[in-house]
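**Student:** Residue numbers (the UniProt record's numbering): 1 to 165.
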Amino acid sequence: MHGFLCFQKLITSAVRTLSNSNNRGFHCSPLRMASRLDNVPLVDIDTSGVFKYILLKVYDKVTNNQEPEITILRGYKRCNYHSDIYEEVQAKLAPLDCEPLGGGRISHDPQSKKIHIYGYSQGYGKADHEIAAKLLKDVLPGYVITISDEGNVAVENPCVCEKST
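1. On a Cα-Cα basis, can you pick out the residue from Leu55, Leu136, Ile106, Gly49 that is closest to Pro100?
2. What would DSSP say about Leu96, mapped onto helix, strand or coil?
3. Where does Tyr120 sit, in a helix, a strand or coil, going by DSSP?
4. Quick check on the DSSP output: the alpha helix (DSSP H) that includes Lys134 runs from which residue to which?
5. Taking only three categories from DSSP, how would you classify Ser148?
6. Note down, in chain order, each residue of its chain lying with its Cβ closer than 6 Å to the Cβ of Leu37, except the 5 sequence neighbours on either side.
7. Just reading off the beta strand (DSSP E) that Val50 is part of, what are its end residues?
8. Express the C-alpha separation of Leu135 and Ile72 in angstroms, rounding to a whole number.
9. Can you have a look at Ser148 and say buried or exposed, based on whether 16 or more other CB atoms are within 10 angstroms of its CB?
10. If you drop the 5 nearest sequence neighbours on each side, which residues of the same chain put their C-beta closer than 7 Å to that of Lys57?
11. Relative to the C-alpha of Ser83, which candidate in Ile117, Tyr53, Val43, Ser48 has its C-alpha closest?
12. Give me, in chain order, the residues of the same chain whose beta-carbon lies closer than 8 Å to that of Lys92; leave out the 5 immediate sequence neighbours on both sides.
13. Excluding the 5 residues preceding and the 5 following Gly151 in the sequence, name in chain order all residues of the same chain whose CB lies nearer than 7 Å to its CB.
14. Can you give the beta carbon distance from Pro141 to Ser48, rounded, assuming they're within the 8 Å contact cut?
15. Are the beta-carbon atoms of Leu96 and Asp60 separated by less than 8 Å?
16. Please classify Arg105 as buried or exposed, where buried requires at least 16 neighbouring CB atoms within 10 angstroms.
17. What would DSSP say about Val40, mapped onto helix, strand or coil?
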């Protein structure tokens, strides 16, 4: 019975909203259809090693960019070029659309729970390593994550601060 009352209130509210909108369309802000973006993991990287990564903006091209967009991070040893990562992700996410925001490299040491983010992509430019670090911290809260703006050479012993200089 409770579900029916909620439904009845929703319909009544919708009719009022429609009546008050002067035929401008149906507006009902409390309800939102599930977005296809909700099923996209924000981070997908290899479990260890040194590899290239890219940040991507993902959106639903069917709705002409009107749905919210998300930023995701992808990094794989199997991809020799940043563009290989982009092509793989683009194919996996279809019909969603994505565009690269930049790239770099990740050194991932799961034994010591450390990740170092550095470098750039020759094709896509340098990713915002701070955004990459935030995404990684959200999915790997026990890790020490460092970033560096030093080229494409891994630092042997990066500092454990937020940003090395």
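The beta carbon of each residue, even a glycine, is placed where N, CA and C say it ideally should be.
**Tutor:** So, from the data block:
1. On the sequence shown, residue 100 is found 100 positions in, with the first residue counted as 1. If we check each option's Cα against that of Pro100, Leu55 comes out closest.
2. For this step, residue 96 is matched to residue 96 along the sequence shown. Coil at Leu96, not helix or strand.
3. Position 120 of the sequence shown, counted from the first residue, corresponds to residue 120. Collapsing the DSSP output to three states places Tyr120 in coil.
4. If you number the sequence shown from 1, residue 134 lands on position 134. Under the DSSP assignment, Lys134 falls in the alpha helix (DSSP H) whose first and last residues are 129-139.
5. Taking the sequence shown and counting its residues from 1, the one referred to as residue 148 is at position 148. Coil.
6. Position 37 of the sequence shown holds residue 37. Excluding positions up to five away in sequence, the list reads Ile70.
7. As a working mapping, residue 50 is identified with position 50 in the sequence shown. Residues 49-59.
8. Working through the sequence shown from its first residue, we reach residue 72 at position 72. Working through the sequence shown from its first residue, we reach residue 135 at position 135. Spanning the two alpha carbons is a distance of roughly 8 Å.
9. Residue numbering aside, residue 148 sits at position 148 when the sequence shown is read from its first letter. Buried.
10. Indexing the sequence shown from 1 puts residue 57 at position 57. Glu69, Thr71, Cys98, Glu99, Leu101.
11. For the purposes of this step, residue 83 is taken as the residue at position 83 of the sequence shown. Nearest C-alpha to Ser83: Tyr53.
12. Residue 92 sits at position 92 when you count from the first residue of the sequence shown. Around Lys92: no qualifying Cβ.
13. To locate residue 151, count along the sequence shown from 1; it is residue 151. Gly119, listed in sequence order.
14. Here residue 141 refers to the residue found at position 141 of the sequence shown. Here residue 48 refers to the residue found at position 48 of the sequence shown. About 18 Å separates the beta carbons of Pro141 and Ser48, which is beyond the 8 Å limit, so they are not a contact pair.
15. Here residue 96 is taken as the residue at index 96 of the sequence shown, counted from 1. Here residue 60 is taken as the residue at index 60 of the sequence shown, counted from 1. Yes; because the gap between Cβ atoms is below 8 Å, this pair is in contact.
16. Within the sequence shown, numbered from 1, the residue matching residue 105 stands at position 105. Answer is buried; the Cβ neighbour count reaches 16.
17. Your numbering for residue 40 matches position 40 in the sequence shown. If DSSP states are grouped into helix, strand and coil, Val40 belongs with coil.
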